[in-house]
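Numbering (my numbering), first residue to last: 59 to 862.
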C-alpha cells in the first residue's frame, strides 16, 4: 500500500527532525513493515520549469526544432521534436544529470550534454510519461497555467515533494482500519504521542422524497447508505485531487470517479457513483440469479450465480457488490444526476465473487478485510462534501437513506495486566498500559489495580481486536519490542517421548516401498459426491465440506480407495501393471461431537486381464508381510464380516483380533461394478486395507527375546481338495489346534482352481513345521499329528490328495 506523508500531515504533525527513513523504521517496529521510502523530490532532481523564448528550425532535420529556453538566470539551447511547443510556453526541462524514461519506456537514463544531428543540446523538454507524470495527448506538458518562475524546481512547482511509504499489504491483512490515510494518521498520532485532528465534515442533506433502497440480502449487506445529487458537471478533477491520486498510484478518470477514489484513499471506505438517470425505481441489494449477465466497467461480461451479491434496480443488476460497477450505470460526460453508494458488505461474499470472476480491485482489497460499518456513513458525508465543492451548482435532493442490518452494541474485552506483563516479559506499569490503550482509541469502562474492562473502538472491532491476547499485542508493540529485555527461558530439558505411531509408519513405508516395490501416492483428504456413488459408499457417514474448493472435493473421505482408483486410471495411460499405496487419515461422521478419525493404509495391485495369478492372495501376501514385519500376533483370517460395498462379495476376507474381534485389515478383489464405474474393466485389481491405528496398538507391545531353537524341526506337506466356501483361515485354525505345543507354523504355499479341479472346489497345499522346545520329536509323534491334521481337514469336507 502506498501512503503519502503529505496526506498524513493534514491530520497529524510529524516532527521536522524525524526524517523519512527513521520514521519508516519506527512504523515497522510499531505497526507494519515499511518495504520502501520514496522521496518524490529525488526523482525530479535537476528538473526545472523552463520558458521557451525562441524557436528556430533545425538546419539538418525537418521534424526537429532548436529552442532557446530560459531555466533561471541562464538560457540554454535544447533540441526538441514535439510539434506542440510554442514561444512563451512554460515546460518541464530535464537538465544534464537528471534521469528520464525515453518516450516513457524502458529503464531510466541519465541525461548528458549531446549533439543531435550536429546541433548541441543542453537538456530535454519533457513529455509527461518521460518524467512520471500523466501522458499528454499533445506531447510536451504545458505548464503555463502554473505561472511558475523559470528555474523553479519542478518538484516545488508541481508539489512533487511528497514522501511515499510503501507498506507491506500482508502486514495489514488483520487491520482494516489501516487501508486509508486517516487510519494511518490515527496510528501515527499514537506512536508519536501527538494530537490527531478530528475528522469532521459539514454537509446538509435534502429533505425531499427518500431514495428507495431495499436490502434483501441482509447478512451479506450489513449496511447500505445512499443519496442522490443533481446539478453535476462531469469534468477533469482539480490539481489537488490529481496530485493525491497520482501519489498513491491511482489512474485519473473524471471529477466524480476521482472523488470516490480520493475518499477511498483518505478513509479506506470504497464508494460508488451511479448515473441516477440510469437507475430505475431505486436500489435493490440482492443475490444474483443463476445465469444473470452483467457487463462491468472493465468491459467484460460476467455470467452470475446465486452466490454473487449484486446491486440492482427493479429491472437489472447494475453492479457486483463490493467488486466493480456495471457498465450500464456508469458516470459519463452526459451525467447530471448521480446516486452515491456507501455500503458495508460481507467480506467472504466479496472475496468469493472476486475470485469467481477474476476481478481484483481496490474495493475488494478493503471489503475482504472486514470494514467497520460505521465508516460507511463517514465516507458518505465526505464524498458529498467534496462533490459539492467540485460542482458549485450541485445539490443533494434526497435525505441520507441508511439501511442497517448490524449489531451496534459496543464490543468489550477484559484484561488482566499481570497476565499481560507475563506474556510480554516486561513489568509495564498500569498507568503506562492505560495511556497506550487510550491513545489507540480504547475506552476504559472499569479499572482495578491490575485489570481493565475495555470498550473496543469500532474501527478495531471487526475481526481484529477480540480477546485479551489482542490487547497484549497492542500494549507490547506500543511499549516497543526493542524495550523488552531478552531473558533465556528457564525450563527443564528432558528427552521427548518416542512417537510409536510415527516410527511404525516409517517401518510400514520401508516394507511397502522397499520390500514389496510399491509406489506411494499422496492424495487430498476429500473426494466428490460422484465418488461416493461410484464406490457405493454410505452417504450418511460422510462429512460435507461447506467451503469446498472444487466439485471434486466436496466430502471428507471415509476410505482411501476412491482417490487411488483415480490414480490407477491416470497411470494406466503409461503402465499396464503397477502397485500403489497410500497412508492417510479417514473421517467418519458418527453424529457425535467429533468425527471418527483413523489412520489407514490402502494398497492396490493392478494387473492385466490375462494375468493368471490370484490377486486376492497377492494382496493377502502383502498384508502378511506387514504383519510379519510388525511381529503382529493374535489375529485370525476369516471371511469378510463387515460391510464393504466396493469389495467382491466372494473374494473378500478380513483379519480380526482374537481378543475382541476388531477388524485390523481386509483383503479383497475390487467389485466389478466399482471397476466399471471407474472405467477399469480392462484390468484386475487386488486391494488391501489396513487400519493402521489398530495395527499400531498391536505393534506397541513389548517384545521378548526368543532364543534360537535347540532341537531340530520336522515338517510335512499336505495337499487338500476343499469346497471353495471354506476359507484358508478356517483350515489353518483347525490344523493349528491339533497340538499348539509342537506346531510351530502353517504356511499356504499353493492354491489352484481350474483344469482338473472339480467346479466349486479348490486345491490347497500347506507346509506344516513341527518342533518341541525340550526334545527331538519322534517319528510316532509326527505321524500322530499328521493323521490328526488329515482328520480335521476331512471333517471340514476336504479330500486329502495323494492318499489312497
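Every residue gets a Cβ at the ideal spot worked out from N, C-alpha and C, and that includes glycine.
Could you give the DSSP three-state label for residue i: helix, strand or coil?
{"i": "residue 724", "result": "strand"}
{"i": "residue 63", "result": "helix"}
{"i": "residue 840", "result": "helix"}
{"i": "residue 72", "result": "coil"}
{"i": "residue 272", "result": "strand"}
{"i": "residue 344", "result": "strand"}
{"i": "residue 554", "result": "coil"}
{"i": "residue 497", "result": "helix"}
{"i": "residue 229", "result": "helix"}
{"i": "residue 709", "result": "strand"}
{"i": "residue 300", "result": "helix"}
{"i": "residue 862", "result": "Annotation note: pLDDT 45 at residue 862 (below 50); position unreliable, coordinate value reported separately. Note: residue 862 maps to coil in three-state DSSP."}
{"i": "residue 241", "result": "helix"}
If you count every other CB in all the chains shown that lies within 10 Å of the CB of residue i, and 16 or more means buried, which is it?
{"i": "residue 539", "result": "exposed"}
{"i": "residue 114", "result": "exposed"}
{"i": "residue 160", "result": "exposed"}
{"i": "residue 856", "result": "buried"}
{"i": "residue 372", "result": "exposed"}
{"i": "residue 183", "result": "buried"}
{"i": "residue 80", "result": "exposed"}
{"i": "residue 500", "result": "buried"}
{"i": "residue 852", "result": "exposed"}
{"i": "residue 807", "result": "exposed"}
{"i": "residue 686", "result": "exposed"}
{"i": "residue 724", "result": "buried"}
{"i": "residue 59", "result": "buried"}
{"i": "residue 203", "result": "exposed"}
{"i": "residue 405", "result": "buried"}
Work out the CA separation of residue j and residue i for me, nearest whole Å.
{"i": "residue 457", "j": "residue 435", "result": "13 Å"}
{"i": "residue 488", "j": "residue 82", "result": "29 Å"}
{"i": "residue 862", "j": "residue 820", "result": "Below a pLDDT of 50, predicted positions are generally treated as unreliable, and residue 862, at 45, falls in that range; no measurement from the model is reported."}
{"i": "residue 366", "j": "residue 613", "result": "23 Å"}
{"i": "residue 93", "j": "residue 61", "result": "12 Å"}
{"i": "residue 854", "j": "residue 588", "result": "44 Å"}
{"i": "residue 567", "j": "residue 465", "result": "54 Å"}
{"i": "residue 776", "j": "residue 818", "result": "20 Å"}
{"i": "residue 843", "j": "residue 689", "result": "27 Å"}
{"i": "residue 720", "j": "residue 714", "result": "5 Å"}
{"i": "residue 752", "j": "residue 582", "result": "23 Å"}
{"i": "residue 575", "j": "residue 517", "result": "60 Å"}
{"i": "residue 875", "j": "residue 811", "result": "The chain is shown from 59 up to 862; residue 875 falls before or after that span and cannot be answered."}
Among the options, whose alpha-carbon lies nearest the alpha-carbon of residue i?
{"i": "residue 702", "options": "196, 501, 594 and 395", "result": "594"}
{"i": "residue 455", "options": "473, 96, 397 and 341", "result": "397"}
{"i": "residue 733", "options": "777, 716, 127 and 667", "result": "667"}
{"i": "residue 848", "options": "84, 795, 448 and 96", "result": "795"}
{"i": "residue 387", "options": "345, 411, 414 and 337", "result": "337"}
{"i": "residue 643", "options": "687, 747, 550 and 390", "result": "747"}
{"i": "residue 137", "options": "581, 118, 178 and 101", "result": "178"}
{"i": "residue 77", "options": "401, 221 and 211", "result": "221"}
{"i": "residue 675", "options": "822, 486 and 715", "result": "822"}
{"i": "residue 735", "options": "751, 591 and 843", "result": "591"}
{"i": "residue 124", "options": "139, 653 and 131", "result": "139"}
{"i": "residue 348", "options": "707, 253 and 375", "result": "375"}
{"i": "residue 607", "options": "599, 626 and 585", "result": "585"}
{"i": "residue 546", "options": "483, 498, 502 and 577", "result": "483"}
Can residue i and residue j be called in contact, C-beta distance under 8 Å?
{"i": "residue 269", "j": "residue 440", "result": "no"}
{"i": "residue 201", "j": "residue 149", "result": "yes"}
{"i": "residue 334", "j": "residue 395", "result": "yes"}
{"i": "residue 278", "j": "residue 407", "result": "yes"}
{"i": "residue 741", "j": "residue 833", "result": "no"}
{"i": "residue 801", "j": "residue 790", "result": "no"}
{"i": "residue 530", "j": "residue 430", "result": "no"}
{"i": "residue 382", "j": "residue 364", "result": "no"}
{"i": "residue 444", "j": "residue 317", "result": "yes"}
{"i": "residue 616", "j": "residue 651", "result": "no"}
{"i": "residue 355", "j": "residue 307", "result": "no"}
{"i": "residue 106", "j": "residue 266", "result": "no"}
{"i": "residue 102", "j": "residue 194", "result": "no"}
{"i": "residue 52", "j": "residue 638", "result": "The structure shown does not extend to residue 52, since the chain spans only 59 to 862, so no value can be given for it."}
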